[in-house]
Each structure stands twice: as structure tokens, then as C-alpha cells.
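A.B. asks: Below is a structure I'd like to ask you about.
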DNA sequence: AACCCTAGCAACCGCCTGGGA
DNA sequence: TTCCCAGGCGGTTGCTAGGGT
């Protein structure tokens, strides 16, 4: 027997919120404040799960939210904090006023993660990728070809595209399997075996 | 013009944690 | 000490818009 659901699912709406639902939720919270999410839907006349209300408010309706693109500084800060904290999105979000954990998580997964991969950095460990599996290598090459097609390679990437990171070597495990380092787009600044993000330009 | 693919984002799900009884 | 409940969190899914073929 599993955990009982947080609310009576049979009588709750799911999916995208309507304007009317948003208005109801905002009006209720303005009048009564946040808290007691479980009882809020009923009190506000919403056919929604309390969790759903909380999420909608926190991620979308809160008046102090900063919508729009992430700035260069925000990107940098996210990468730095992620290297220290890992996937602690809520903790990272506290350092970015107006941004939510969900927003940061999405931004990481769709933008930053890919950006790091294209630079030959493992987004999970923040270390240079030493021996990418073949499928990764294939996707990397694909990405590279795409960039070249689009002609979007930045000058700094172009000038350093062929320069591998000299601080890292393939582990001495099996020469048969050992692959050459990935074609880093830029010289990776490393300090005590950890990437120095202050020296990496995020765009 | 129609179809397919991909990226981006909102929302959901299930687990974890802390506090109160 | 144990159990229950509500809130919080991270991972994942599903929808939609836009671009490419």
C-alpha cells in the first residue's frame, strides 16, 4: 500500500492553469497570505491540488519574480554554485533574487548544461571530460558540425578549438580503449584539478 | 503547405524532511 | 519513540512553438 495522495485526485484539475484559476489564487493569497497549501484550494474555490497551487504561485504568480532571459552574471553564478552545491536548485535559487528553483533547473538543463558539454566539461562533475563514450563523441561532433554550419563559432573558440587541455591526460587504464582528449574549444583553466570558473567566459 | 524534429518551459510525481501529537 | 501530516525538493514528463526539410 502506498502513501496516500496529497489530495483527492478525482476532483482536481490538472495541466495548464487558466487565467481564472490564476486570478483566484492570486486574490486568495493577497488576502490571506501564503501557507496551509492543503486547505487553500478549497478555501480559494479552486479544483486543484495544494501542491499544484503552491508550485503555480512560487514559479509563476509571485509578484517578485524576474521573468526573461538569464544574464551573463546569473549564468556564471549558477555554474559556480552548481560546482559547489550540485543539484541543490532551491539553495542556488536563494542566491538569485527573482529566480525560482524550477526556472534555474530548466535553464541548467536546456542551456548551461549543453554549453558546458560543448566546451568538453562534464556538467555533473565540472571536470573536463576525459574519455567520452562513443555516443557522446558522436553527439559532440554533431554539435560541432552544427556550429560550423551556422557559422556561429566565436573567435575565441576558433582560435583554441584544436588546443587540448594539457593539464589532463587519459587515465592509465587500457591503452586500447584510451581515446584522445575531446577537442576543447578553449583552454580550460584548472586549479588543483578543479576548473576555475572565474576564468571561463560564459556567453 | 505539410510534416517532422527539437528546444524550452510549465507542471506533475514521488520521495524526503521536519514538526507536532 | 513512533507515527502522521504538510511542505519542500529534485527528477521527469508532456505540451507547444518554431525551425528545418
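Numbering (our numbering), first residue to last: 1 to 203.
Virtual Cβ for every residue (Gly too), placed ideally from N, Cα, C.
A quick note: this is a predicted structure, and the numbers were derived from the prediction, not measured.
#1: Between 50, 98 and 110, which has its C-alpha nearest residue 247's C-alpha?
#2: Indicate the three-state DSSP secondary structure (helix, strand or coil) for residue 128 in the structure shown.
#3: Nearest to residue 96 by CA position, among 70, 28, 44 and 125, is which residue?
#4: Just checking my contact of residue 17 with residue 62 at CB under 8 Å: how many whole Å lie between their CB atoms?
#5: Given that a residue counts as buried once 16 or more other Cβ atoms are within 10 Å of its Cβ, and exposed if not, what is residue 124?
#6: If we require 4 or more residues per run, which alpha helix (DSSP H) segments fall completely within the stretch 80-109?
#7: Are the beta-carbon atoms of residue 82 and residue 108 separated by less than 8 Å?
#8: Taking residue 59 and residue 103 to be in contact with their CB atoms under 8 Å, please state how far apart those CB atoms are, rounded to whole angstroms.
#9: Would you decide whether residue 47 is buried or exposed? Buried here means 16 or more other CB atoms lie within 10 Å of its CB.
#10: Beta-carbon within less than 6 Å of residue 137's beta-carbon, same chain only, minus the 5 sequence neighbours each way: which residues are those?
#11: For residue 58, list the residues DSSP reports as bridge partners.
#12: Alpha carbon to alpha carbon, how far is residue 116 from residue 76? Give it in angstroms, no decimals.
#13: Does the Cβ of residue 52 have 16 or more other Cβ atoms within 10 Å, making it buried, or fewer, making it exposed?
#14: Since residue 78 contacts residue 112 with CB under 8 Å, what's their CB separation in whole angstroms?
#15: Count the other CB atoms, across all protein chains shown, that sit within 10 Å of the CB of residue 93; report buried if there are 16 or more and exposed otherwise.
#16: Rounded to a whole number of angstroms, what is the C-alpha to C-alpha distance between residue 251 and residue 41?
C.D. replies: If we stick to the structure as given:
#1: Residue 247 is absent from the model: the chain starts at 1 and stops at 203.
#2: strand
#3: 70
#4: About 14 Å; that fails the 8 Å criterion.
#5: exposed
#6: 89-94 and 101-107
#7: yes
#8: 7 Å
#9: exposed
#10: Unreliable positioning characterises residue 137 in this predicted model, as indicated by a pLDDT of 41, which lies under 50. A coordinate reading is not provided.
#11: Beta-bridge pairing links residue 58 to no other residue.
#12: 12 Å
#13: buried
#14: 6 Å
#15: buried
#16: The chain is shown from 1 up to 203; residue 251 falls before or after that span and cannot be answered.
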